[in-house]
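In our numbering, the protein residues as written are 4 to 492.
Backbone N, C-alpha and C define an ideal beta-carbon position, used for all residues, glycine too.
Keep in mind that this is a model prediction, so the values were computed, not measured.
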Amino acid sequence: MARKIIVVGGGNAAFAAAVAAAEQGCDVTVLERAPESEAGGNTRFTAGAIRFAYDGVDDLRALMPDLTDDEVTKTDFGSYDEEAFFDDMGRVTDYRTDPDLCEALVTKSKETVFWMRDQGIRFAPIWGRQAFQVDGKFKFWGGLTVEAWGGGEGLFQAWTDAAKLRGITIIYQARAKELLANDDGVHGVVASIAGKTQTFHADAVILATGGFQANPEMRTRYLGQTWDLAKVRGTRFSNGDGLKMALDIGAMPYGNWSGCHAVGWERNAPEFGDLAVGDGFQKHSYPFGVMINAKGERFLDEGADFRNYTYAKYGREILAQPGQFAWQIFDQKVLHLLRDEYRIRQVTKVRANTLEELTRKLEGVDALAALEHLEAYNEAVDTGVDFNPNIKDGRSTKGLAVPKSNWANALSEPPFEAYAVTCGITFTFGGLRISPEAQVIDVDLRPIPGLFAAGEIVGGIFYNNYPGGSGLMAGAVFGKIAGQSAASR
């Protein structure tokens, strides 16, 4: 008789686990809390970027056979080997990332992406967001080259198709409430299916329910004051239920419970993510402009590093400002570099032909102080260094209390544009402790038989920050491992 596996969750990590278990001949059921129209967890709200180690263009052509010779000739894809991936994971997490989990993530990243391709998931280069054209050639930067075809929506649909092809049962509006556990481990789940309680017995359970970012009470308790005021970038269903169920049976909490992935987000966006807009509310072109708060002051180094390595922590900085908002300001020189998300209809935007006029239009900002600070910034720009958006160009400011380390341009060419942002939380970093085999560990550091986890519910991988695209990669890597481990238990 086939082993019965229950997967709780319905996003990238959950489907990777479900498909991997089904490949081993298991009878797999996915319990997705959302109705079918909102299914997919945070996966559907992402742009679909995925970070993995690759040796060069030959690896990318093998992954994306649709790449033409002309596209390859006009693009510098570079390489991103395991050493570079390890370096980025260490650097952005202040070297706190769990070494065993990090090793699994990095060393299994490439094989997992190719496995995903074998499941029917297609990939494409991120030309529009991760490469700028210089002298007729696109150059990728920041180690992030590939996204799922069709973004997060496309990734979710491809996973759903793969699951149905494998005969996996998907039950929607299924809110898991309790793990069935005894001295022999976990052997099922109690869930509410469209409001009716039902018990599911299984040989193993895989939790892939996401973090607690949609729960304002838990955000305030663990992340701190004002986090109840943050917008939620993605699904409204990641409210910590999976974490609570596991902790109730003695699972060990692990990782950065006071940390999260949080970005600059449209100030007037709705409380939760909007699938019609997707990730369009994000505002990630700040390295090419400046950000000011209600006092009219810059408060962070917009050019500290490539966007990939700062955007996930700058949401926290915005939330800490008076009124929990900021304005991103650009001039004509860089408007062509702004990402597509700045051109959607749902933006809070002002435009003016002088800085004085612009600062008067910035709602909630001390206009006189803002003008004074922007003029001081303009005078501090080192114009002796050439501007180059594809590299950390060293074009910086001198003498400012808050420096700008790269891509510093004086705001001198009208028209000027400004965009209002607040904090958008993506996912929380604290979670369950797992082994490299994705088995949940208890408070006595012993594996809990029959219980596995993957995705945002896992703690110990990211601390304070993360490299862009590594969240989906971690979900897929540990989802695949969890499915295989549960199948072979």
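Three or more beta-carbon pairs drawn from the region 360 to 373 and the region 412 to 428 are found closer than 8 Å, and the two stretches are therefore classed as touching.
Ile-347 sits exposed, since fewer than 16 C-beta atoms from the chains shown fall within 10 Å of its C-beta.
In the three-state reduction of the DSSP assignment, Ala-411 falls in the coil class. Per the Cβ contact rule, the region 437 to 445 is not in contact with the region 332 to 344 (fewer than 3 Cβ pairs under 8 Å). Within the model, the alpha-carbon separation for Thr-223 versus Ile-444 is close to 26 Å. Three or more pairs of CB atoms, one per stretch, sit closer than 8 Å, so the region 447 to 460 contacts the region 241 to 259.
In terms of Cβ geometry, Gly-462 and Tyr-257 form a close pair [threshold 8 Å]. Ala-25 has its alpha-carbon roughly 34 Å from the corresponding atom of Thr-71. Under the three-state reduction of DSSP output, Leu-448 falls in the coil class, being neither helix nor strand. For Gln-136, the enclosing beta strand (DSSP E) begins and ends at 134 to 137. Using a Cβ distance threshold of 8 Å, Gly-213 and Glu-39 do not count as a contacting pair.
Buried is the label assigned to Glu-300, since at least 16 other Cβ atoms lie within 10 Å of its Cβ.
Membership of Met-92 in the alpha helix (DSSP H) is indicated by the continuous run 85 to 95. Distances from the alpha-carbon of Ile-394 to those of Trp-130, Leu-341, Ala-404, Ala-134 put Ala-134 closest.
Counting only runs of at least 4 residues, the region 226 to 284 fully encloses the following alpha helix (DSSP H) elements, listed from N- to C-terminal order: 244 to 251.
Counting C-beta atoms within 10 angstroms of its own C-beta, Thr-172 has fewer than 16 neighbours from the protein chains shown and is therefore classed as exposed.
The Cβ-Cβ distance between Gly-12 and Ala-211 falls below 8 Å.
For the pair Cys-426 and Ala-194, the CB atoms are not nearer than the 8 Å cut-off.
Around the beta carbon of Leu-168, fewer than 16 other beta carbons lie within 10 angstroms, which makes this residue exposed. Within 10 angstroms of the beta-carbon of Pro-290 lie 16 or more other beta-carbons, which makes it buried. Here Pro-128 is buried: its Cβ has 16 or more other Cβ atoms, across all protein chains shown, within 10 Å. About 18 Å separates the beta carbon of Gly-276 from that of Ile-321, a gap too long to meet the 8 Å contact definition.
Non-local C-beta neighbours of Phe-309 in its own chain, meaning closer than 8 Å and more than five positions away in sequence, comprise Trp-144, Gly-145, Pro-290, Lys-395, ordered along the chain. With fewer than 16 neighbouring CB atoms inside 10 Å of its own CB, Arg-354 falls in the exposed class. Thr-49 places its beta carbon 8 Å or farther from that of Val-480. For Arg-239, the CB contacts under 6 Å within the same chain, skipping 5 residues up- and downstream, are Ala-217, Phe-275 in chain order. In this model, Tyr-380 and Ala-413 are separated by some 7 Å (Cα to Cα). At least 8 Å separates the beta-carbon of Gly-262 from that of Tyr-98. When only Cα atoms are considered, Lys-142 and Asn-311 end up about 15 Å apart.
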